[in-house]
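Numbering (the UniProt record's numbering), first residue to last: 1 to 389.
Put into structure tokens, the structure is as follows:
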């Protein structure tokens, strides 16, 4: 069935939302339902998909598109200082929120390392500090909170929870490979991103006068930004997903039209990203995992750690948003999947973790995305009178 691997995965991508709608599972994050579908048709389940080179390549493009679109989701206006001192700024609260996550991640990673449960201390810190920006954006849109101060604060906290671990992963990977030159070359990627932003900032307006339906210059520019920054990131030994994230940030700062963002989102979530998530499920071998007791224990350990690492977010949010919404923020920031998968992939490539360990941590992340949104919606729906804070 290797010849038909991509065809089967694309059919699965089409069928997944239809099945979730049929059984009224629409509140389940799309990424999770796609991973579960991959598990069903992959090594764990029916084993009808054996990923070939073309499927793996499209899957790699899927994670790049996922991180690129994550970069595009950042609202940079939130980073601007408020002129009116009485006007609430999400920046301060979100910084304290993420610092608390980082602190708890270090404490939990120390405990796992000291007990011998998980020996990769830095990798654990990076994993525990990640937040599923894409999942959280979808949830906030669904409940109508994305444009509120509360929603913007969660959004910015989640953005820190995607960018900082991504940057840390790049440095950690370089150090582990003893490629110290790439660490010093890391600022080069940011310099290139700034140059691209300044260069294209002027001509982007010019695009509107010459763009046609057959040229789609804005989309061509987006893919040029992706591949130039991904290529430079790889050339200096950094992780390609860092280049993809910066490409998304540059594209956002160019202030594209709404339909441009919609086109890119359609291409990503309509084709590349589902292939990535389904292929992740296909490669997940739960049969092997269930026979590995050491890896199996990581599922509850990492699930609890993913939650505990976000507990102090409650303290950071409580002063401004009260108990109910602080508790909801704590729960929703515990959801993590989008960045966990590429982090685990890097961990496997560096031989820091086994395939069984990677599968166990992936399952723990999946559980957070199943439980987190449900609890968040329950808390929010129980206190809608306070949503206009």
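Glycine included, each C-beta is placed from N, C-alpha and C at the ideal position.
Checklist entry - Cβ of residue 369 within 8 Å of Cβ of residue 31? => result Yes, these two residues count as a Cβ contact at 8 Å.
Checklist entry - With a CB to CB cut of under 6 Å and the five nearest residues on each side skipped, what residues in its chain are close to residue 286? => result Only 44 meet the Cβ criterion.
Checklist entry - Is residue 241 near the ligand GDP, in the sense that its beta carbon is under 7 Å from a heavy atom of that ligand? => result Of ligands this structure carries none, so the ligand GDP is not represented either.
Checklist entry - Is it right to say residue 47 is buried, meaning 16 or more other beta carbons lie within 10 angstroms of its own, or is it exposed? => result Exposed is the call here.
Checklist entry - What residue does the alpha helix (DSSP H) around residue 223 start on, and which one ends it? => result Residues 217–235.
Item to check | Spatial distance of residue 388 from residue 377 (CA atoms) | outcome: Low local confidence applies: a pLDDT of 43 at residue 388 is under 50, so the model's placement there is unreliable, with the coordinate-based value given in what follows. Between residue 388 and residue 377, the alpha-carbon positions lie close to 16 Å from each other.
Checklist entry - Helix, strand or coil: how does DSSP classify residue 166 here? => result In the three-state reduction of the DSSP assignment, residue 166 falls in the helix class.
Checklist entry - Quick one: what does DSSP say residue 244 is sitting in, helix, strand or coil? => result In the structure shown, the three-state DSSP call for residue 244 is helix.
Item to check | Segment contact, 8 Å Cβ cut-off, at least three pairs: the segment 190–198 with the segment 231–251 | outcome: With contact defined as three or more Cβ pairs closer than 8 Å, the segment 190–198 and the segment 231–251 are in contact.
Item to check | Local conformation of residue 50 per DSSP, three classes | outcome: Of the three classes helix, strand and coil, the one that applies to residue 50 here is coil, per DSSP.
Checklist entry - Under three-state DSSP, which class holds residue 71? => result Residue state, collapsed to three classes: helix.
Checklist entry - In the structure shown, what three-state DSSP assignment does residue 142 receive? => result Correct three-state label for residue 142: helix.
Checklist entry - By the 10 Å Cβ neighbour count, where 16 or more other Cβ atoms means buried, how is residue 147 classified, buried or exposed? => result Sixteen is the threshold: since fewer than 16 other Cβ atoms of the shown chains lie within 10 Å of the Cβ of residue 147, the residue is exposed.
Checklist entry - Is the segment 15–32 touching the segment 298–314 in the sense that three or more CB pairs, one from each, lie closer than 8 Å? => result No, the segment 298–314 does not touch the segment 15–32.
Checklist entry - Terminal residues of the continuous alpha helix (DSSP H) containing residue 255? => result Run containing residue 255: none; DSSP gives neither H nor E here.
Item to check | Limits of the unbroken alpha helix (DSSP H) element including residue 113 | outcome: From DSSP, the alpha helix (DSSP H) with residue 113 extends over 90–115.
Item to check | Three-state secondary structure assigned by DSSP to residue 350 | outcome: Secondary structure of residue 350 (DSSP, three-state): coil.
Item to check | For residue 26, three-class secondary structure by DSSP | outcome: Coil, per DSSP.
Next on the checklist: Taking its Cβ as the centre, do 16 or more other Cβ atoms sit within 10 Å of residue 15, making it buried, or is it exposed?
Outcome noted: Exposed is the call here.
Item to check | Whole-angstrom distance between residue 27 and residue 104, CA atom to CA atom | outcome: Our two residues, residue 104 and residue 27, have alpha carbons roughly 29 Å apart in a direct line.
Next on the checklist: Closest to residue 140 by C-alpha separation, out of 283, 365, 325, 366, would be which residue?
Outcome noted: Closest by C-alpha distance to residue 140, out of 283, 365, 325, 366, is 325.
Item to check | Counted within 10 angstroms of its Cβ, other Cβ atoms place residue 262 as buried (16 or more) or exposed | outcome: Residue 262 should be labelled exposed.
Next on the checklist: Measuring only the C-alpha atoms, how far is residue 186 from residue 228?
Outcome noted: Cα to Cα, the separation comes out at about 15 Å.
Next on the checklist: Using CA atoms only, rank isn't needed, just tell me which of 246, 177, 260, 305 is closest to residue 361.
Outcome noted: The shortest C-alpha separation from residue 361 is found at 305.
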